[in-house]
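J.: Protein chains in written order, with this note's numbering: chain A, 1 to 406; chain B, 1001 to 1375.
From the three backbone atoms N, C-alpha and C, an ideal C-beta is built for every residue, glycine too.
These numbers were taken from a predicted model, which means no experiment stands behind them.
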Amino acid sequence: MTIANAPKELPEHAEFRKEIAAWLRANTPANPGFLLPQTFMEVGSDQVLDFLREWQFKVWSAGYLGMAWPKQYGGQGAAPIYQSIVDQEMKRLRVPICFNVIGLGWAGPLILDIGSDMEKEKYLKGILNADDIWAQGFSEPNHGSDLGSIQTRAERDGDDYVINGSKIWTTMGNYAKYMILLARTDPQAERRYNGLSFFLAPMKTAGITTQPIKKLTGEYGFTETFFTDARIPANCIMGDEGQGWRIAMKTLQYERGAEAGAAGGISILSIAMNDLLNMAQDIERDGQPLLKDPITRDNLVKFLIEEQALYLAEQRGAIPALTRDYPNSIALSGKLRGTEFFRRMRQYALTLQGANGALYVGDSEATDGGFWQRAYLNNFSTTIGGGTSQVQANIIGEHVLGLPKD
Amino acid sequence: MRKTNLAMAFSDEQAMILDSAKAFCSDKSTIAAVRNLLDSETGFNPQVWQEMVALGWTGIAIPEEYGGLNLGVGALVPLVETMGRHLLGTPLISSALTAQAILRSGTESQRAAWLPALADGAAGALALLDNVDWGGDFSGCTVSGSGDNLTLTGRKLMVADGAVSDLFVVSASHAGQPVLVLVEAKQLPAGALESKTLIDETKRACNVDFSGVTVTSSALLTPSASTLHELRLIGALLTAAEATGTAAAALDLIVSYLTTRVQFGRLIGSYQALKHPTVEILLQMDAARSLIYHAATLIGDCPIDSNTEIACRMAKAQATEALLFAGDRAVQFHGGMGFTYDCDAQLYIRRAQWAQHQYGDAQHHRRKLADLLLD
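If you want it as structure tokens, here you go:
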């Protein structure tokens, strides 16, 4: 019998869950007077940065971040389950995000996994206490998410690598102290993925400049990053030359949570159907809550069915007998299903607001402070980034259904 | 705030049924076999039906003491899904629902009289429908008289497999109360059955006029307030399972055409205008499959709770919408061929119209879901 249900929680875990929930309730900062970022890709001003930095420091100081990391590097040496409980409660109570995501979920776990003692000493604590902000330098202009086409060069010269080229969609590039950088060390490599290497690059380096990108939301959060004969120490490389692709793929595994090695802390404020239902309950139309309107109800139920199927897909994916005809379907379509659902659901939220749907963040009468407006526009980072929905559909068509390439 | 139930389980028995159903249906219900039956009177091959009986499938959800396998309604789902995938026409769904009606509201002697026969391949039919939208609990069929002198008046619509049924379970009102009446085919007066011309030529249904049929009190089942409601939900789930299988079959047909048909010098599956909607069909079918197996996990012999009701309704709404989309696109993507009777796409688009109206269409279920989820 295959049963994909969570087992009952141990008493000590339930106890800890109460403890962290109480701490979060007592320590979550009051409304700062501006709309909090929903993801770490929305840290667009010093004001937001300072707020989030202080919050992450507070969480770490209380011992609730990096709980499964070793004590000597700023962690608690606890079982990963404790951090997972913290993360679950943070999600449930909708506290602000732990914004240093590239450090907490990508670079940190990688350094713990394959880094030297010296590297662990140098980097890990700064990731947890938010002293050192990390950025990711994978994508390049004109190459979208096709990492195999990376052109940024890293040439060995004595004790340095000399970096030339540019990166785009660098999260918090203007604030970051370090970047996980994927660059080409061997342009002659027969397989283009084998010519890449992975670096922990210091951003405060002569020859590295950043240019903030104004997003369609009107806010900042990313930069374009330029490298002009930027010299970084040769010992910044992780692994050996040519292993960059493999290591980059490895970093993607950690972000699945504390059990996978991540320091923890929530990286996004999740939005689910319940939030939309609450909004529809609060909006009045023709003298009653919008939630009573039959057409609205039909549309909301359609979204609820879709949401339920999304959640159930993971459960069914764990039962081989029920996935046999298209075995990779659920795994390969997860991004497309999830991100497109959220796009349409958030778009619909604006539709439901009536004339207020035209208001935006900053207007005193905007519904929920313009939360839905901004969330809808920002959602395009998920339907575009990491392979657009259209590319995803190609991948599913070709690799799940066996349709010919276009 | 409602707590979402996401249970999903699949037993070894269900897996075995799924495996043998796949082997059986792909062998016995090839497209050629399906087409051979399109203009037959009964719509199914009695020899194939007898083999299904011998495999125990007619008794899957019937308790062992009445000759069944006692695996529950959830174990019918993989079988029915597979039948849908191969358009295998038999009275299995109708008979299984009839058995559920008797199991859930029959006396011991009624169960003993009928469940072994149904497990052994007797065909049964539910005669529930009074109006076209599956709405309302009022029955247009009435039972008059008292004691052992009871007479039925009224007609039921679109009784699936009515023409081959040995037994009918008829919803009616008696002295203002809803009742279920057992009527044997041999009790029907001549001309009571009016066979309908259906858009789906793999299915059979008829209107049945029960006026003048006389029964004794032993023919009255004793439904609880929720029995009819439960039968409709089980009917919705089984229809959803069948539709999910058929959506997957339509997808298979599209994929096979897109990977062999060349136009403008290229396989047409390489065009994104065809590729992307085909992926959408896959995702809609996948969603339906997740929902039917979730409902199959929750549904048991006990009264149906609200989580199970939500699961059945979501499954029905999703599965029949997925099939409507898949059938429609299957025709379109076959171009000129798709407009012909010879192209198999017609089988799926026609089945889609049948499936959407069995036990309530998607909008009907969404309306009920709105009451369950939004109030």
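1) Return yes when the Cβ of residue 106 (chain A) is within less than 9 Å of the Cβ of residue 251 (chain A), no when it is not.
2) Measure the Cβ-Cβ separation of residue 1313 (chain B) and residue 1236 (chain B) and say whether it is below 9 Å.
3) Please report how far the alpha carbon of residue 201 (chain A) lies from the alpha carbon of residue 159 (chain A), in whole angstroms.
4) Could you tell me the distance, in whole angstroms, from the CA atom of residue 254 (chain A) to the CA atom of residue 91 (chain A)?
5) Taking 8 Å as the cut-off, does the region 1316-1331 of chain B touch the region 1271-1282 of chain B (at least 3 CB pairs, one atom from each stretch)?
6) Which chain A residues are close to residue 1248 (chain B), counting only those with a beta carbon under 8 Å from its beta carbon?
7) Kindly say whether residue 329 (chain A), judged by its beta-carbon, lies nearer than 9 Å to any beta-carbon of chain B.
8) Determine the closest residue to residue 1005 (chain B) out of B:1366, B:1078, B:1317 and B:1309, with distance taken between C-alpha atoms.
9) Find out if the Cβ-Cβ distance for the pair residue 361 (chain A), residue 369 (chain A) is shorter than 9 Å.
10) Report the residue from B:1321, B:1267, B:1370 and B:1342 whose alpha carbon sits nearest the alpha carbon of residue 406 (chain A).
11) How close, in whole Å, do the beta carbons of residue 66 (chain A) and residue 24 (chain A) come, if the pair is a contact with beta carbons under 8 Å?
12) Within 10 Å of its beta-carbon, does residue 326 (chain A) have 16 or more other beta-carbons around it, so buried, or fewer, so exposed?
13) Return the Cβ separation of residue 407 (chain A) and residue 113 (chain A) in integer angstroms, given the expectation that the two are a contact with Cβ distance under 8 Å.
14) How many angstroms separate the CA atom of residue 81 (chain A) from the CA atom of residue 26 (chain A)?
15) Taking only beta-carbon atoms, is residue 302 (chain A) less than 9 Å away from chain B?
16) Which runs of the alpha helix (DSSP H), 4 residues or longer, sit entirely within the region 1105-1164 of chain B?
17) Write down the C-beta distance between residue 1211 (chain B) and residue 1152 (chain B) rounded to the nearest angstrom, noting that I regard them as a contact closer than 8 Å.
18) Comparing alpha-carbon positions, which option in A:167, A:241 and A:234 lies nearest residue 407 (chain A)?
19) From the DSSP output, in three-state form, read off residue 1225 (chain B) for me.
20) Going along the chain, which unbroken runs of the alpha helix (DSSP H) with 4 or more residues stay wholly within the region 1019-1090 of chain B?
21) Closer than 9 Å between beta carbons: that is the criterion. Which residues of the region 304-315 of chain A meet it against chain B?
22) Name, in chain order, the residues that DSSP records as bridge partners for residue 155 (chain A).
23) If we define contact as Cβ-Cβ less than 9 Å, is residue 1220 (chain B) a contact residue for chain A?
24) Is it buried or exposed, residue 1176 (chain B), if we count other Cβ atoms within 10 angstroms and call 16 or more buried?
25) Can you tell me whether residue 249 (chain A) is buried or exposed, with buried defined as 16 or more other CB within 10 angstroms of its CB?
26) Report the three-state DSSP secondary structure of residue 374 (chain A) (helix, strand or coil).
27) If you check the beta carbons only, do residue 1208 (chain B) and residue 1140 (chain B) fall under 9 Å apart?
28) With a threshold of 16 other CB atoms inside 10 Å of the CB of residue 1341 (chain B), please say whether the residue is buried or exposed.
29) Taking beta-carbon pairs under 9 Å, can you tell me which members of the region 1323-1345 of chain B lie near chain A?
30) Pull up the CB-CB distance for residue 1190 (chain B) and residue 1253 (chain B), whole angstroms please, since I reckon it's below 8 Å.
31) Quick check: the Cα distance between residue 9 (chain A) and residue 17 (chain A), rounded to an integer number of angstroms?
32) Look at residue 43 (chain A) and residue 35 (chain A) and say whether their C-beta atoms are less than 9 Å apart.
33) On the three-state DSSP scale, how would you describe residue 1198 (chain B)?
34) State the Cα-Cα distance for the pair residue 315 (chain A) and residue 1222 (chain B), rounded to the nearest angstrom.
35) Roughly how many angstroms separate the alpha carbons of residue 1046 (chain B) and residue 1023 (chain B), rounded to a whole number?
36) Quick check on this structure: which residue in A:212, A:226 and A:230 has the alpha carbon closest to the alpha carbon of residue 140 (chain A)?
T.: On the basis of the supplied data:
1) The answer is yes: Cβ separation under 9 Å.
2) Cβ distance < 9 Å, so residue 1313 (chain B) and residue 1236 (chain B) count as in contact.
3) If you draw a straight line from the Cα of residue 201 (chain A) to the Cα of residue 159 (chain A), it is about 14 Å long.
4) Near 19 Å, if we compare the C-alpha coordinates of residue 91 (chain A) and residue 254 (chain A).
5) At 8 Å Cβ cutoff, the stretches touch.
6) Under the 8 Å cutoff, chain A gives 325.
7) Using a CB distance cut-off of 9 Å, residue 329 (chain A) counts as an interface residue toward chain B.
8) It is B:1309 whose Cα lies nearest to the Cα of residue 1005 (chain B).
9) Residue 369 (chain A) sits close to residue 361 (chain A), with the two beta carbons spaced by under 9 Å.
10) The candidate whose alpha carbon is nearest that of residue 406 (chain A) is B:1267.
11) Cβ atoms of residue 66 (chain A) and residue 24 (chain A) stay farther apart than 8 Å, at about 17 Å.
12) With 16 or more other CB atoms across the displayed protein chains lying within 10 angstroms of its CB, residue 326 (chain A) is buried.
13) Absent from the structure is residue 407 (chain A), since the part of chain A shown begins at 1 and ends at 406.
14) The straight-line gap from Cα to Cα measures roughly 22 Å.
15) Answer yes: the Cβ-Cβ gap between residue 302 (chain A) and chain B drops below 9 Å somewhere.
16) Taking 4 residues as the minimum length, the alpha helix (DSSP H) runs contained wholly in the region 1105-1164 of chain B are 1108-1119, in order along the chain.
17) At roughly 7 Å, the Cβ-Cβ gap stays under 8 Å, so residue 1211 (chain B) and residue 1152 (chain B) are in contact.
18) This structure does not reach residue 407 (chain A), given that chain A is present from 1 up to 406, and the question cannot be answered.
19) Residue state, collapsed to three classes: coil.
20) List check, alpha helix (DSSP H) in window: 1031-1036, 1046-1054 and 1076-1085.
21) Going along the region 304-315 of chain A in chain order, one finds 304, 305, 306, 307, 308, 309, 310, 311, 312, 313, 314 and 315 with a Cβ nearer than 9 Å to chain B.
22) As computed with DSSP, residue 155 (chain A) is found in a beta bridge with A:162.
23) The beta-carbon of residue 1220 (chain B) is placed no less than 9 Å from the nearest beta-carbon of chain A.
24) Taking all protein chains shown into account, residue 1176 (chain B) has fewer than 16 neighbouring C-beta atoms within 10 Å of its C-beta and is therefore exposed.
25) Answer is exposed; the Cβ neighbour count stays below 16.
26) Here residue 374 (chain A) sits in helix by DSSP.
27) Going by C-beta atoms, residue 1208 (chain B) is not nearer than 9 Å to residue 1140 (chain B).
28) Residue 1341 (chain B) comes out exposed.
29) Going along the region 1323-1345 of chain B in chain order, one finds no residue with a Cβ nearer than 9 Å to chain A.
30) Contact flag wrong, Cβ pair sits at about 43 Å.
31) Linking residue 9 (chain A) to residue 17 (chain A) through their CA atoms gives a straight-line distance of about 10 Å.
32) For the 9 Å CB-CB criterion, residue 43 (chain A) and residue 35 (chain A) do not form a contact.
33) Looking at residue 1198 (chain B) - three-state DSSP - the assignment turns out to be coil, as it is neither helix nor strand.
34) Each residue's Cα considered, the two are about 38 Å apart.
35) Approximately 19 Å, taken between the alpha carbons.
36) For residue 140 (chain A), the nearest C-alpha among the options comes from A:226.
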